[in-house]
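Okay, structure first, notes after.
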Amino acid sequence: MEKITQKYKNLQDGITSHCIIMAGHKNPSELKELRYCETDQALWDTGATNTIISTEIAEELHLTPIKKSAISGIGGLVNSNVYRVNLYFGKKVRFENIEVLASDLEDCHLIIGMDLINKGDFAITNKDGETWFSFRIPSQEHLEFD
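Take 2 as the starting number for the sequence shown in our numbering and just add one per residue.
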């Protein structure tokens, strides 16, 4: 089991994590150069169907699109490039060779959508004015509060 836990001393209106983003590849042995970037602005978003990286990150990593797909958002339908990446959270939680969409993001560099959140157990608690967030993969059990 791989997990991350973040504890905030006050209530949060959004959960962001530190993440290392690397260019993914179906055949890692064919990679000629190791490219990565780091962000503290990886937003966990249960309202997002798919995981999205900023076009800024895609450009910084010199990613090559593998196909195009449509993103449906507040502004309507937009065609987007799809890229293959690896995402690393902390020392253990990782998603490798996943497909992500790219978009112009204003307040973060990465949106972690339900396509990844659904792979594990996700919990947020708000007790005594503090927000605690935990995510583990793979899913271990159903969580129910009495």
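Don't be surprised by glycine CBs; every beta carbon is placed ideally from N, CA and C.
At a cut of 8 Å, does the region 41-61 reach the region 98-106 through at least three beta carbon pairs?
-> In short, these stretches touch, since the Cβ pair count reaches three.
Roughly how many whole angstroms lie between the Cα atoms of Lys-33 and Leu-88?
-> The count along the sequence shown starts at 1 and reaches residue 33 at position 32. The count along the sequence shown starts at 1 and reaches residue 88 at position 87. Distance between the alpha carbons of Lys-33 and Leu-88: 19 Å.
For Asp-122, the residue or residues it bridges with in DSSP | Residue 122 sits at position 121 when you count from the first residue of the sequence shown. As DSSP reads the structure, Asp-122 sits in a beta bridge with Arg-137.
Less than 8 Å separating the beta-carbons of Asn-127 and Leu-44?
-> Reading the sequence shown from its first residue, position 126 is the one you call residue 127. Reading the sequence shown from its first residue, position 43 is the one you call residue 44. No, the pair does not count as a contact, with Cβ atoms beyond the cut-off.
What is the rounded straight-line gap between the Cα of Phe-134 and the Cα of Ile-112?
-> Working through the sequence shown from its first residue, we reach residue 134 at position 133. Working through the sequence shown from its first residue, we reach residue 112 at position 111. Each residue's Cα considered, the two are about 16 Å apart.
Leaving aside the five residues before and after Met-115 along the sequence, list all residues of the same chain whose C-beta is less than 7 Å from its C-beta, in chain order.
-> Numbered from 1 along the sequence shown, position 114 holds the residue referred to as residue 115. Taken in chain order, the residues that qualify are Thr-47, Ala-49, Thr-50.
Where Phe-136 and Ile-99 are concerned, what is the direct C-alpha to C-alpha distance, given to the nearest angstrom?
-> Counting from 1 along the sequence shown, the entry for residue 136 is found at position 135. Counting from 1 along the sequence shown, the entry for residue 99 is found at position 98. Their backbone Cα atoms lie some 18 Å apart in a straight line.
Contacts around Lys-10, its chain only, beta-carbon distance under 7 Å, and the 5 residues preceding and following it disregarded = Start at 1 with the first residue of the sequence shown, and residue 10 comes out as number 9. Result list for Lys-10: Glu-131, in chain order.
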